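*Asks:*
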Amino acid sequence: GGQPERQLAVRPHTEACRSVRFDPQGLHLISCGSDCSVQRRDLAANKPVWKTSRAHASAINVCEPLGPHGVGTGDDDGVVHVWDTRQKCSVMSFSEHADVIQDLHFCLAKLQLACCSSDGHLSVYDLRKGRLEARSDELEEELLSMAPLKQGKKLVVGCASGVVGIFSWGDFGDFSDRLTPAVLGSTDAVEAIVPLGEHAMLTGSADGRLRA
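Note that the sequence shown covers residues 12 to 223 in our numbering.
1) If you drop the 5 nearest sequence neighbours on each side, which residues of the same chain put their C-beta closer than 8 angstroms to that of Arg29?
2) With DSSP run on the structure shown, which of helix, strand or coil describes Pro15?
3) Taking only runs of the beta strand (DSSP E) that begin and end inside the region 129-201, which ones reach a length of at least 3 residues, in chain order?
4) Within 10 angstroms of its Cβ, does Thr191 collect 16 or more other Cβ (buried), or is it exposed?
5) Can the beta-carbon of Asp218 be found less than 7 angstroms from the beta-carbon of Asp188?
6) Would you report the Cα separation of Val201 and Thr96, rounded to the nearest angstrom?
7) Can you name, in chain order, every residue of its own chain whose Cβ lies under 6 angstroms from the Cβ of Lys161, other than the five neighbours on each side?
8) Pick from Arg51, Ala20, Thr25: whose alpha carbon is nearest that of Pro76?
9) Between Val174 and chain C, is the shortest Cβ-Cβ distance under 7 angstroms, so that the two count as touching?
10) Could you have a look at Gly85 and say whether DSSP puts it in helix, strand or coil?
11) In the DSSP output, what is Ser101 paired with across the bridge?
12) For Thr25, which residues from the same chain have a beta carbon less than 6 angstroms from its beta carbon, with the 5 sequence-adjacent residues on both sides left out?
13) What are the start and end residues of the beta strand (DSSP E) that includes Arg220?
14) Which residues share a DSSP beta bridge with Cys126?
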């Protein structure tokens with residue numbers, strides 16, 4: 012194939028850019044950073060269409076699109092904000108976690124936002140009611156990454172120990188199953204997970220390897 016060509020060059024953050032996501036239509040890019048800012052950028056015009064400079068009191072670690080107008084963000088202190096990009100302020104704020112929010116996953120069908128943290132807990136928020144829906148037990152794991160499988164019936168979570176834990180959606184007390192490092196072939200932290208269809212996943216680990 013041909014050589015890749017750079018289509019966009021921009022510096023939306025004054026410090027480290029920690030998370031970048033496409034919106035559901037692929038027309039906008041959502042980003043956040045350790046400068047505490049979050050923005051939605053129009054890719055065709057290469058201009059921000061919404062930006063909040065002091066979105067959090069501490070560095071923002073992850074962002075997640077929440078439908079056509081929503082954005083979720085999680086920071087180093089365990090705070091989660093939900094934003095409506097038609098407004099300038101957050102519309103919901105949650106602070107159940109005591110450590111870094113490592114990943115967010117939005118379930119559109121249920122209008123729920125799952126958050127995993129270095130404090131060893133997973134929380135699920137009901138965005139219709141603006142409240143905590145469920146919270147896992149102390150899992151004695153640093154939870155780093157998430158992805159849905161089986162049409163959203165399962166949520167897989169990558170851990171610092173190299174384990175991939177599996178939740179059944181709606182039953183978030185403890186993992187319903189685990190894939191151990193012996194099965195996965197590595198004891199290194201599972202820092203990223205991407206679903207491959209409905210029944211498989213691709214993991215990225217701290218040893219630099221991708222595994223499917």
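Backbone N, C-alpha and C fix where the C-beta goes; we use that ideal spot for every residue, glycine too. It should be emphasised that the depicted structure is a prediction, and the values quoted were computed from it without experimental measurement.
*Replies:* The short version:
1) Cys43, Gly44, Ser45, Ala70, Ile71, Asn72, Val73
2) coil
3) 133-137, 142-146, 154-160, 165-170, 175-179, 188-190
4) exposed
5) no
6) 32 angstroms
7) Glu209
8) Arg51
9) Here chain C cannot be found, since the structure has a single protein chain.
10) strand
11) Trp94
12) Asp46
13) Run containing Arg220: none; DSSP gives neither H nor E here.
14) Leu115, Ser134
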